[in-house]
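Undergrad: My questions all concern the structure below.
2 protein chains.
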Amino acid sequence: MFEFALEAQHGAARAGVLQTPHGSVPTPVFAPVGTQATVKAVQPRELREMGATLILANTYHLYLRPGDALIADFGGLHAFMGWDGPLLTDSGGFQVFSLGEIRQIDSDGVTFRSHHDGSKHRFTPEKSIQIQHNLGADIIMAFDECPVPNERGAVEAALERTHRWLHRCLDEHLRSGDPDRQALFGIVQGGIFADLREQSVREVTSLDLPGYAIGGLAVGETKAQMYTTLELTTSLLPVNRPRYLMGVGSPEDLVHGVARGVDIFDCVLPTRIARNGAAFTRTGRINMRNLRYATDHDPIEPGCTCYACRTFSRGYVRHLVKAGEILGHQLLSLHNLHFLLTLMRELRAAIVDGTFDDYAAAFLATYEPVTGTQEGVNVPPVG
Amino acid sequence: MFEFALEAQHGAARAGVLQTPHGSVPTPVFAPVGTQATVKAVQPRELREMGATLILANTYHLYLRPGDALIADFGGLHAFMGWDGPLLTDSGGFQVFSLGEIRQIDSDGVTFRSHHDGSKHRFTPEKSIQIQHNLGADIIMAFDECPVPNERGAVEAALERTHRWLHRCLDEHLRSGDPDRQALFGIVQGGIFADLREQSVREVTSLDLPGYAIGGLAVGETKAQMYTTLELTTSLLPVNRPRYLMGVGSPEDLVHGVARGVDIFDCVLPTRIARNGAAFTRTGRINMRNLRYATDHDPIEPGCTCYACRTFSRGYVRHLVKAGEILGHQLLSLHNLHFLLTLMRELRAAIVDGTFDDYAAAFLATYEPVTGTQEGVNVPPVG
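Order-wise, the sequence lines are chains A and B. Whatever position you read off the first sequence (first residue = 1), add 7 for the working numbering. Whatever position you read off the second sequence (first residue = 1), add 7 for the working numbering.
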């Protein structure tokens, strides 16, 4: 189980397949985020229809509501949320550290207050793994600390803690879990410092885990720093294990990440911007509230094969968004997820065909990224 | 076109089929409401899946936003909203009269202010019909006045106006419309007064229209008064024309209405209560927020064949509702609409089988209606 086979490579870019107990995941892959056990405004059958193969859910949120023991009683997250495909849960660490004023870190774990009711809780590496066992996702993540990426002292301290905690996570997983049913991925930290990334890769990969995540990126560093760090880190990671870049999912970052050897991505961006009335297109992001779309008979993106584009005009979608209708959220969420999943399928096909460089260059030449915003990177997703 | 054929009768209850340019409608039928050109949180393909055959949209809302001329430019409401089945629009009268302080009625029409921006507008019988021509629904409604049902003086005045306006509506429809493409239904008023209902039926049916609505009910009178008035009115209406009871759609009222010879119903109730976390079941309405459902593995209603019940537990639906997730609205809307559509199909089958009395009695014996609330009746739907 959790076999990862590479099918083709083109430069650093890789096309592979990851086996899981709930099906195989062709990589590179984008995982839609279902924070509270639902991808917002999207049904599981629609995720299948658009070709989603891996869904992420958040341990912090589900621990607080409805509770991981309750979900276990329903047979785990797959059964609870009606998604029988592969699932991934994060460790809860990133959300808990994002709580700022209402959390306290010590060498053993983190004490925090619920953002719902202020009640007091504590996560340790063991606790995070136990919760993730209850949730039962195919891929589970080590409990790590994600510091500000360009403060060396803080990064060093977090690194030391992250590595100690990784051993505790693995021990707990081997003690009370089932590694044939759930794969524990380690997380490489080290901020933007090359020597710390090298040190982290060395320590994390010494445990020979079924996959490795690249943490601590897209949290405040520049895009150039992110790409450089990514390039270095993937060059050090073992070829035969999937690499997961956490919380990254703007179209341009997916292309740059795949070009640098990343296999797995996740991000709330496609569903979050949908709720603001924005849609991905090949030339950049458009906001459907714009008056210019009121009389526009074209679909959101001409040529797109998603349900929204097969069925409705921009004029209608604009009307829904302006009128505050839920169907507007639904259609834009469907379209944006379909857009990123299609992009990943095309990137994968280009790797297999040996045309990845051309495809990536052509995409980046026409796609205008959004700049000067924190959207598309790891903004604290609590609340 | 708009041929109405009766297939079976059982007492006053009737099973028929109404032909429209966009398909046939087996009656009795419940029409889901798509106020702003969308049934809230439900996709057109899902309406098809659950067997909806007739959808209602609101002239007042669509006139203000996005505008009926814009919808005409998209080829009419069917094309605009992606629903190629039969459509019905109301006249806008009920909404405009519900505006209270911000509307003024005169003998020629109604001047009102938009609930969006306070801008000034005027509806006349001609204007309402012109808007409905632009929208292009299969069934359009006469512009009438709906008074408080038990104030005789107000009802008499409204009746006189409604009849004068009906002639103007028909003249405008014949002048600028296409009666083969759109059927104009007249509306019987008269409050709870038998002699006024008789007078209204006489005047309205003298125009030999393709269908007749029963207006001015479920607006404040008692249920007993409503059923008595309904019984009288349908007994006076021509047998070979469909009867439409406007704005009524609680499960018990559907059964009582069908028993009294009503063919068409519409109501926002199923989608409105869905947004409050409530679900229809055969024993009454349940609120999914209730703690008792947290650990409940059953579907919303055991035996129900809707997507929500085929796929998810009450525990999961409760989690979605408590977490404020859009998917909760979606699933409860699907279930509640499916519940009413199934009820109507079963009522129809029972009429055809000659078992209607037994079916109706059995349903009413187990279904506990909600009392002491204005839900399920014509509450002003503006906003």
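We treat Cβ as the ideally placed atom computed from N, Cα and C, and that holds for glycine.
With DSSP collapsed to three states, give me the class of A/I307.
TA: Note: A/I307 maps to coil in three-state DSSP.
Undergrad: Residues of chain A with a CB under 9 Å from the CB of B/R72: which are they?
TA: Simply H326, K329, A330.
Undergrad: Mind pulling the beta strand (DSSP E) runs of 3 or more residues that sit fully within the segment 51 to 86 of chain B?
TA: Listed in chain order, the complete beta strand (DSSP E) runs (minimum 3 residues) inside the segment 51 to 86 of chain B are 62 to 64.
Undergrad: Evaluate the contact criterion for the segment 16 to 29 of chain B versus the segment 38 to 55 of chain B: three or more CB pairs, one atom per stretch, below 8 Å.
TA: With the cut-off at 8 Å, the segment 16 to 29 of chain B and the segment 38 to 55 of chain B do not touch.
Undergrad: Check whether the Cβ of B/M57 lies closer than 8 Å to any Cβ atom in chain A.
TA: It does not: the Cβ of B/M57 has no partner Cβ on chain A nearer than 8 Å.
Undergrad: When Cβ atoms are compared, which residues of the segment 68 to 93 of chain A fall closer than 7 Å to chain B?
TA: Against chain B - using a Cβ distance shorter than 7 Å - the residues of the segment 68 to 93 of chain A are R72, P73, L77, D80, F81, F87, M88, G89.
Undergrad: Can you tell me which of A/H180, A/R182, A/G198, A/L191 puts its alpha carbon nearest to the alpha carbon of A/L166?
TA: For the residues A/H180, A/R182, A/G198, A/L191, the minimum Cα distance to A/L166 belongs to A/G198.
Undergrad: From the DSSP output, in three-state form, read off B/K134 for me.
TA: In the structure shown, B/K134 sits in a helix (DSSP, three-state: H, G or I).
Undergrad: Nearest-angstrom Cα distance between A/V32 and A/L354?
TA: Roughly 15 Å separates the two Cα atoms.
Undergrad: Using 8 Å as the threshold, is the segment 355 to 365 of chain A in touch with the segment 225 to 232 of chain B, meaning 3 or more CB pairs across them?
TA: The segment 355 to 365 of chain A, when compared against the segment 225 to 232 of chain B, does not touch it at the 8 Å Cβ threshold.
Undergrad: Are there three or more Cβ pairs, one per stretch, closer than 8 Å when the segment 246 to 262 of chain B is compared with the segment 306 to 321 of chain B?
TA: Segments in contact, no.
Undergrad: Mind listing the chain A neighbours of B/I3? Cutoff is C-beta to C-beta under 7 Å, in chain order.
TA: What is shown of chain B runs 8 to 390, which leaves residue 3 of chain B out entirely.
Undergrad: Could you check whether A/Y323 and B/M88 sit closer than 8 Å to each other, using their CB atoms as the reference points?
TA: A contact, by the Cβ cut-off of 8 Å.
Undergrad: Smallest Cα separation from B/Q206: which of B/A164, B/P217, B/A357?
TA: Of B/A164, B/P217, B/A357, the residue nearest in Cα terms is B/A164.
Undergrad: Going along the chain, which residues of its own chain have a beta-carbon closer than 7 Å to the beta-carbon of B/Q26, five neighbours each way excluded?
TA: Around B/Q26: M8, F9, E10.
Undergrad: Please specify which runs of the beta strand (DSSP E), each continuous and at least 3 residues long, are wholly inside the segment 172 to 236 of chain A, giving them in chain order.
TA: Those beta strand (DSSP E) runs which fall completely within the segment 172 to 236 of chain A and span 3+ residues are 190 to 195, 219 to 221.
Undergrad: Name the residues in the segment 264 to 289 of chain B whose C-beta lies less than 8 Å from a C-beta of chain A; which are they?
TA: Answer in chain order: no residues at all.
Undergrad: Between B/I147 and B/T96, is the Cβ-Cβ spacing less than 8 Å?
TA: In contact: B/I147 and B/T96 (Cβ atoms closer than 8 Å).
Undergrad: Taking 8 Å as the threshold (C-beta atoms), are B/L224 and B/G284 in contact?
TA: For B/G284 and B/L224, no; Cβs fall outside 8 Å.
Undergrad: A/H345 versus chain B: which residues are under 8 Å apart at the beta carbon?
TA: None at all; the shortest Cβ gap to chain B is about 14 Å.
Undergrad: Does DSSP put B/R21 in a helix, a strand or coil?
TA: Of the three classes helix, strand and coil, the one that applies to B/R21 here is strand, per DSSP.
Undergrad: Does the beta carbon of B/F130 sit closer than 8 Å to a beta carbon anywhere in chain A?
TA: Cβ-Cβ to chain A under 8 Å: no for B/F130.
Undergrad: Kindly say whether B/H140, judged by its beta-carbon, lies nearer than 8 Å to any beta-carbon of chain A.
TA: No, because no Cβ of chain A sits closer than 8 Å to the Cβ of B/H140.
Undergrad: Please classify B/S257: is it buried, with 16 or more other beta-carbons within 10 angstroms of its beta-carbon, or exposed?
TA: Flag for B/S257 reads buried.
Undergrad: So for A/F11, helix, strand or coil by DSSP?
TA: The answer is strand: DSSP assigns A/F11 an E or B state.
Undergrad: Among B/T34, B/A44, B/P28, B/A20, which one has its Cα closest to the Cα of A/E332?
TA: The candidate whose alpha carbon is nearest that of A/E332 is B/A44.
Undergrad: Name the DSSP bridge partner or partners of A/A38?
TA: DSSP, once it has assigned bridges, lists A/D273 as partnering A/A38.
Undergrad: Is the Cβ-Cβ distance between A/I194 and A/G222 less than 8 Å?
TA: Their beta carbons are under 8 Å apart, which means A/I194 touches A/G222 by this criterion.
Undergrad: Closer than 8 Å by C-beta to A/R296: which residues in its own chain qualify, once you throw out the five before and the five after it? Chain order, please.
TA: Closer than 8 Å at the Cβ level, and outside the excluded window around A/R296, lie G284, R325, V328, K329.
Undergrad: Would you please verify whether the beta carbon of B/Q393 is less than 8 Å from any beta carbon of chain A?
TA: No answer is possible for residue 393 of chain B: it lies beyond the span of chain B, which begins at 8 and ends at 390.
Undergrad: Along the segment 309 to 325 of chain A, what residues have a CB closer than 9 Å to any CB found in chain B?
TA: Taking 9 Å as the Cβ-Cβ cut-off against chain B, the residues of the segment 309 to 325 of chain A that qualify are Y314, T318, F319, S320, G322, Y323, R325.
Undergrad: Express the C-alpha separation of A/Q50 and A/L350 in angstroms, rounding to a whole number.
TA: Answer to the nearest angstrom: the Cα atoms are 21 Å apart.
Undergrad: Are B/S98 and B/T66 touching if we call contact CB-CB under 8 Å?
TA: Their beta carbons are under 8 Å apart, which means B/S98 touches B/T66 by this criterion.
Undergrad: Consult DSSP for A/A285 and reduce its assignment to one of helix, strand or coil.
TA: Residue state, collapsed to three classes: strand.
Undergrad: Are the C-beta of A/E170 and some C-beta of chain B separated by less than 8 Å?
TA: According to the sequence provided, residue 170 of chain A is His. The question's Glu does not apply to it. By this cut-off, A/H170 is not an interface position.
Undergrad: How would you label B/D75, buried or exposed, when you count the other beta carbons within 10 angstroms and need 16 or more for buried?
TA: When all chains shown are included, B/D75 counts as buried.
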